[in-house]
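One structure is given below, encoded as structure tokens.
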Amino acid sequence: MNELVTPEHLQASQGLKRLLAAYRQSEDMINIGAYQTGSNREVDRAMQLKPLIDRFLQQASIEHMPAQETIQHLLKLGSQLISTPTVPKPEPQSATAS
């Protein structure tokens with residue numbers, strides 16, 4: 353694939369695969385509500401972008417999109433994959449003396 357696509361296309365594809373892998377690794381914890389937001393930035397980002405990723409990957413069989421348009425959608429999604437996550441970091445707990 354490296355010889356057939358632009359560096360941006362390759363980066364977007366790799367980013368999408370990386371986030372899907374992070375999501376799948378924590379999917380059981382996410383589904384039962386045991387995953388704590390902020391414990392893994394990749395998983396947080398994957399959870400945030402999962403609906404967009406799924407929409408991109410789940411094209412109906414009657415939908416037809418030219419290859420160049422599909423690549424543009426992937427690149428647009430890729431730009432979101434590498435942007436700064438908007439998930440807040442957990443606040444450090446302060447120890448208070450009683």
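In terms of the numbering used here, the sequence shown opens at residue 353 and continues consecutively. We put the CB at the ideal spot given by N, CA and C, even for glycine. No experiment lies behind these values; they were computed from the predicted model shown.
* the region 421 to 429 contacting the region 361 to 372, beta-carbon criterion three pairs below 8 Å -> Judged by Cβ distances under 8 Å, the region 421 to 429 makes contact with the region 361 to 372, as three or more pairs qualify.
* Roughly how many whole angstroms lie between the Cα atoms of K402 and L371? -> Residue 402 sits at position 50 when you count from the first residue of the sequence shown. Residue 371 sits at position 19 when you count from the first residue of the sequence shown. Rounded to whole angstroms, the separation of the alpha carbons of L371 and K402 is 9 Å.
* Asked: Which value, in whole angstroms, describes the spacing of the CA atoms of Q420 and T358?
  -> Here the question's residue 420 lines up with position 68 in the sequence shown. Here the question's residue 358 lines up with position 6 in the sequence shown. Annotation: Q420 to T358 spans about 12 Å, alpha carbon to alpha carbon.
* **Sufficient close CB pairs (3 or more, under 8 Å) joining the region 384 to 394 to the region 404 to 420** => Under the 8 Å Cβ criterion, the region 384 to 394 does not count as touching the region 404 to 420, having fewer than three qualifying pairs.
* Asked: For Q410, which option in M399, T422, Q400 has the closest C-alpha, if you only look at C-alpha atoms?
  -> Locating residue 410 in the sequence shown gives position 58, counting from the first residue. Per the Cα distances, T422.
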